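Undergrad: Numbering (my numbering), first residue to last: 6 to 441.
The structure is given below, and queries will be raised subsequently.
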């Protein structure tokens, strides 16, 4: 038994050395953060390659467009904003979110706007919490809405490449020490209240948000391809519904002039925000750029709409969320890829020509296909690290075989002609005992 084991170990000596070594090096490289950019790029491609989803008609966006700025100036005067809110209220939406800062009066008509604020309990205003987004400063909320408890944070976390791949449910207010709900999460909860549904926290130490039977796992600093990311507050991986203009958008001027259907907002969430390029309230996302098209950014109000849709569709429709494997499982996946690459190179080491590359090509295609189909079911598994491990172990095996062959050639050439040595090394049967 021991002799058979020793023989097996000797036969697969290259794999037993190369596979764990390459896997360990890749895992260490990943821990440094050098692969984070490429892993997030791969995540972007998975998001872009998904089949399109239908529009979430529970959300309507009223965009402040360039034509609205021309017609009403910027910022929109309080009187005009109050008129728009009154027209929205007439259609009885479930909730109204104003993604526009209103920390100071914009005359004329400030008292008219105050009256609308005080008589619209389902209206939510915004503030920016200091330090929550790219180091930007704080913007105070509307004093009237703050007093009424109808204020939420509109902060949006961004990655090191400035792209938005995460959404906020709530974050800590460093000035007061309390928690501030995000605009999108508060509006989603207001919508669900009409369904008799409320949010709770899990009873374990994780304190994950739970709505009915749906869990919303909190983003962690090293989740998926991230390495030591900022996980302040309660963040989730953002499961975009689609690129720009995925949601129904109407202009603010059309609302003022009554050029919309009479039931467009009824029983829906209405978001009011800037969509004018000149106001620069745009963000990079996984949909922002490709190799063949020009960059296309998404407005902040559309990002809030995506987060709202994620909460509603996951709770009410059973839509999958994006989740990642635990780190030990991801490390095991990298080791499996490294073993696959080394085994394939070792097993087909005697194959001549380009045919020896076919198994590796098939393995790489299988790696990509597995990652894609897993992502369709909401599971984000690593692509770049196992790819590097697979290719790296294959190259290492080839280098090991070449080095071994060179050593054997040097030894045998002392006693045999070059022609005989070549025959020994270049055919599988070369080392068999025989009389020739």
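Virtual Cβ for every residue (Gly too), placed ideally from N, Cα, C.
Model, not experiment: these values are computed from the prediction.
1) State whether the segment 397-404 contacts the segment 371-384, with contact taken as three or more CB pairs (one from each stretch) at a distance under 8 Å.
2) Any idea if residue 378 is buried or exposed, counting beta-carbon neighbours within 10 angstroms, 16 or more meaning buried?
3) Start and end of the alpha helix (DSSP H) containing residue 376?
4) Give me the residue from 292, 271, 317, 315 with the minimum Cα distance to residue 94.
5) Should the segment 148-157 be regarded as contacting the segment 69-81, the criterion being three or more beta carbon pairs within less than 8 Å?
6) Tell me which same chain residues have a C-beta within less than 8 Å of the C-beta of residue 36, skipping the five on either side of it?
7) With a cut-off of 8 Å on the beta carbons, I'd call residue 288 and residue 308 a contact; round off their distance for me.
8) Which stretch, first to last residue, makes up the alpha helix (DSSP H) that contains residue 88?
9) Count the other CB atoms, across all protein chains shown, that sit within 10 Å of the CB of residue 345; report buried if there are 16 or more and exposed otherwise.
10) Go ahead and pull the three-state DSSP assignment for residue 187.
11) How many whole angstroms separate the CB atoms of residue 275 and residue 65, which I take to be in contact at a CB cut-off of 8 Å?
12) What is the residue span of the beta strand (DSSP E) that residue 445 lies within?
13) Below 8 Å, can you find three or more Cβ-Cβ pairs linking the segment 158-172 to the segment 192-204?
14) With three or more C-beta pairs closer than 8 Å as the rule, is the segment 83-92 touching the segment 178-197?
15) Please report the residue range of the alpha helix (DSSP H) in which residue 155 lies.
16) Which complete alpha helix (DSSP H) runs does the segment 174-226 hold, if anything under 4 residues is left out?
17) Go through its chain and collect everything with a Cβ distance to residue 43's Cβ below 7 Å, but skip five positions before and after it.
18) With 16 as the cutoff for other CB atoms within 10 Å, does residue 293 come out buried or exposed?
19) Taking residue 199 as the reference, which of 21, 100, 152 has the closest Cα?
20) Roughly how many angstroms lie between the CA atoms of residue 140 and residue 362, to the nearest whole one?
21) Residue range of the alpha helix (DSSP H) that residue 239 falls in?
22) Quickly, what does DSSP pair residue 132 with across the bridge? List them, please.
23) In angstroms, rounded to a whole number, what distance separates the CA positions of residue 312 and residue 174?
24) Would residue 48 and residue 169 qualify as a contact pair, given that the criterion is a beta-carbon distance under 9 Å?
25) Would you give the residue range spanned by the alpha helix (DSSP H) that residue 314 belongs to?
26) Straight-line CA distance for residue 193 to residue 23?
27) Across which residues does DSSP place residue 104 in a beta bridge pair?
28) What are the start and end residues of the beta strand (DSSP E) that includes residue 123?
29) To which residues of the same chain is residue 178 closer than 6 Å at the C-beta, ignoring the five residues directly before and after it?
30) Would you kindly report the start and end of the unbroken beta strand (DSSP E) that includes residue 229?
31) Have a look at residue 214 and residue 207 and give me their C-alpha separation to the nearest angstrom.
32) Taking the alpha carbon of residue 216 as the reference point, which residue from 323, 237, 351 has its own alpha carbon closest?
33) State the beta-bridge partners of residue 171 as determined by DSSP.
34) Which residue from 117, 59, 260, 248 puts its Cα closest to that of residue 68?
35) First and last residue of the beta strand (DSSP E) that includes residue 346?
TA: In brief:
1) no
2) exposed
3) 363-381
4) 271
5) no
6) 232
7) 6 Å
8) 83-94
9) buried
10) strand
11) 5 Å
12) With the chain covering 6 to 441 only, the question about residue 445 has no answer from this structure.
13) no
14) no
15) Looking at the DSSP string, residue 155 is not in any alpha helix (DSSP H), and its letter there is neither H nor E.
16) 188-198
17) 389
18) buried
19) 100
20) Any reading at residue 140 must be qualified, since the residue scores a pLDDT of 47, below 50, and its modelled position is unreliable; the value itself is stated next. Distance between the alpha carbons of residue 140 and residue 362 is about 49 Å.
21) It is not in any alpha helix (DSSP H) - residue 239 instead sits in the beta strand (DSSP E) that spans 239-242.
22) 158
23) 9 Å
24) no
25) 305-317
26) 51 Å
27) 278
28) Residue 123 -> not in any beta strand (DSSP E); alpha helix (DSSP H) instead, spanning 115-123.
29) 134, 185
30) Note, residue 229: premise wrong, no beta strand (DSSP E); not H, not E.
31) 7 Å
32) 323
33) 242
34) 260
35) Element bounds for residue 346: not the beta strand (DSSP E) but the alpha helix (DSSP H), 332-352.
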